[in-house]
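In what follows, a single structure is set out as structure tokens and then discussed.
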Amino acid sequence: MAKKRVAVIGGGASGCALVWSLLQPQCDDQVEVTLFHDEDEVGGHSKTIPVWFDDAGKGHVATASSPAPAGKQTYPVDIGVQFVCPTLYPNLYQQLERPEFQNSVRLTNHPALRISGSFSPTLNWGNFPAYQSGPRFDGCYDGATRELAVEFQKDLKYAPFTPLDGITFSTTMERYLQLEGVPWSSNFFRYLLIPYLCIINGYGTGDLLETTFEDLFPIFTKIPGLQKLGPYGSFTEPGKGWDRFTDGSTSWCLAMANYGTTKGASLKLGTTVLAVWPRADGTVRIRFAPTEDVERNRVDPTHPVPVDEAEFDDVVLTTDMTTNRALLNNADNGLYATQRDYIAGDRFALIPGICYIHQDDECLSPHLRDKLEDGQFVGAYSWGETALGGNAYSLPYNLQTSFQTYLMKNILGTPVDCHVSMYAEHSGARLPDPAKTIHVKTWRHGRWVASFFDKAKKELHRVQGLGHIWFAGNNTTVDSEEGALISAMVIANKLCPQFTYPFELASEAFFFYEYFQNTMFPKRSLPWVLAQAAADAEEHVRHLLDGTGP
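Sequential numbering from 23 applies to the sequence shown in the working numbering.
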């Protein structure tokens, strides 16, 4: 029997995890996997940039064609993920115990995660003692603010288990603030809570208060029996229990991709997919071209692009929903009229992002350059600014041009200052000096917590597998390495029914897997089946009437 030909679009964490999942022993003799990725190395948003420093202290990117000089150490600077932890990434941690990861993927404990926020000469704070008292901090981290922070953390830990006060795991931050009478004008709201929600959910967004207690509970609570260290997050003390990839997060992606190649997977790197469409015979076609030519053509439309096509039995899109719409919206795809409603931009409101690796201290607040923290929320340059349409949450600073800077000297131990700054809207924001910039990367991303896009994620199954085209990736679960791995395993199970969950069943990891499996493919109750049949009939009639059906 011929193997099922599966194409995986995207070589980030999700794509590499899908290659690894599909080629587990139960399935490796049934599938033939080809991965397409537009860069010369896998990684995507989990990309590690190797940086070395010359004798003058200036940073450079080490590449295959321009490696670091002999004797110069390189430092693995991640453009995306900075830290992971066992409770929030349980499947990742179980996976790393497998033999194929033992010698290639290492974790280093980060003993204390110190964060800060800086807004004005007297409005600054940090979650460690040095940034909690004195002229620069007393105006922000005063007694009332500290009390609200302590009460908030206590409520996160206990309130969902005593729902008589109206707080449950599904309670949003907006509802919580209403119930507790915490004003939006308070220091706690403006300078602690909103910046923290930005750090974990995306900068400059207007839906931060939709974050729920369920999202924050495992961050702010040290869960007995699951955590040796914790809590991971706190406004009053450094977070504990975090690890980082010793050699950068790309080491994890490479380990999964390399495992796949040992099982026969083909990696088409430096290849940009241009279009995907189903055919009447049940196969799926992909149109692709060398990335170098595609990029040159964007600058010079006269530059020729050698386009190629290939046929597969199933195609899995692990790219973000914006990219997915571009790939599927083509004249050959007769199913796009059905697909587009489920992957629409208003369902998956992705956040633009841009990351700079640089050595510009100006991307730390001018009021807080002690450099004692691991990450600083920089609102100082946005102080007094008004965003178009008004500032979100009536803040005295523009949330859209605020940003987060991580200090690699404290995280990686770089010999000189090196920072990673992450932005949403970089237009109007304080950006690093180009002369001090080492690397720049743009992207679109979802949310790190599970509650966002919940309705869209739970309805996406209606077009999963339609025309043998599938959707995996962070947008289907959560925007993290854990979400990437789980989504890959769930789709692997659809493409290869013999696939079995590869880790311990009696574990938190399996609970996470089942939770997101039920998000991606909800269990079908009788009312659901009846409602589905009615909706399908209505949609069929609509397509017959407007002529858009297949």
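Just so it is clear, CB atoms sit at the ideal spot from N, CA and C, and this is done for glycine as well.
Item                                                                                                                    : Value
Limits of the beta strand (DSSP E) - the one that residue 427 falls within                                              : 425-429
Cα-Cα separation between residue 533 and residue 455, rounded to whole angstroms                                        : 46 Å
Close-in-space but distant-in-sequence residues of the same chain around residue 551 (CB under 6 Å, 5 per side omitted) : With a pLDDT of only 49 at residue 551, under the threshold of 50, the placement of this residue in the model should not be trusted, and no figure is reported.
Supposed contact pair residue 304 and residue 55 - C-beta distance, whole angstroms, cut 8 Å                            : Going by Cβ atoms, the distance from residue 55 to residue 304 rounds to 19 Å, so no, they are not a contact pair.
Option in 206, 110, 119, 76 with minimal Cα separation from residue 262                                                 : 110
Whether residue 145 touches residue 213 by CB criterion (8 Å)                                                           : yes
Simplified DSSP assignment, three categories, for residue 548                                                           : With a pLDDT of only 47 at residue 548, under the threshold of 50, the placement of this residue in the model should not be trusted; the figure read from the coordinates follows. Note: residue 548 maps to helix in three-state DSSP.
is_contact[residue 243, chain B] using C-beta, thresh 8 Å                                                               : Structure shown: chain B not included; a single protein chain is present.
Coil, strand or helix - residue 168 by DSSP                                                                             : helix
Whole-number beta carbon distance between residue 491 and residue 372, since they are thought to touch under 8 Å        : About 20 Å; that fails the 8 Å criterion.
Distance CB(residue 377)-CB(residue 427) smaller than 8 Å                                                               : no
Integer-rounded CB distance, given that residue 458 should sit under 8 Å from residue 381                               : 5 Å
Beta-carbon spacing of residue 289, residue 311 below 8 Å                                                               : no
For residue 129, three-class secondary structure by DSSP                                                                : strand
Which listed residue (185, 190, 184, 256) has its alpha carbon closest to that of residue 215                           : 256
Secondary structure, alpha helix (DSSP H): runs of 4+ residues fully inside the stretch 459-526                         : 476-481, 503-517
Residue of 231, 167, 258, 349 minimising C-alpha distance to residue 242                                                : 258
Three-way DSSP call (helix, strand, coil) for residue 197 in this model                                                 : helix
Length of the line joining the Cα atoms of residue 41 and residue 494                                                   : 12 Å
Cα-Cα separation between residue 328 and residue 348, rounded to whole angstroms                                        : 19 Å
Buried or exposed by the 16-neighbour rule on C-beta atoms within 10 Å, applied to residue 419                          : buried
The stretch 268-275 in contact with the stretch 119-129 per 3-pair CB rule at 8 Å                                       : yes
For residue 357 and residue 53, the rounded distance between their alpha carbons                                        : 25 Å
Beta-carbon proximity of residue 29 to residue 334, cut-off 8 Å                                                         : yes
DSSP state of residue 256 mapped onto helix, strand, coil                                                               : coil
Terminal residues of the alpha helix (DSSP H) in which residue 242 lies                                                 : 235-242
Close-in-space but distant-in-sequence residues of the same chain around residue 442 (CB under 6 Å, 5 per side omitted) : 379, 428
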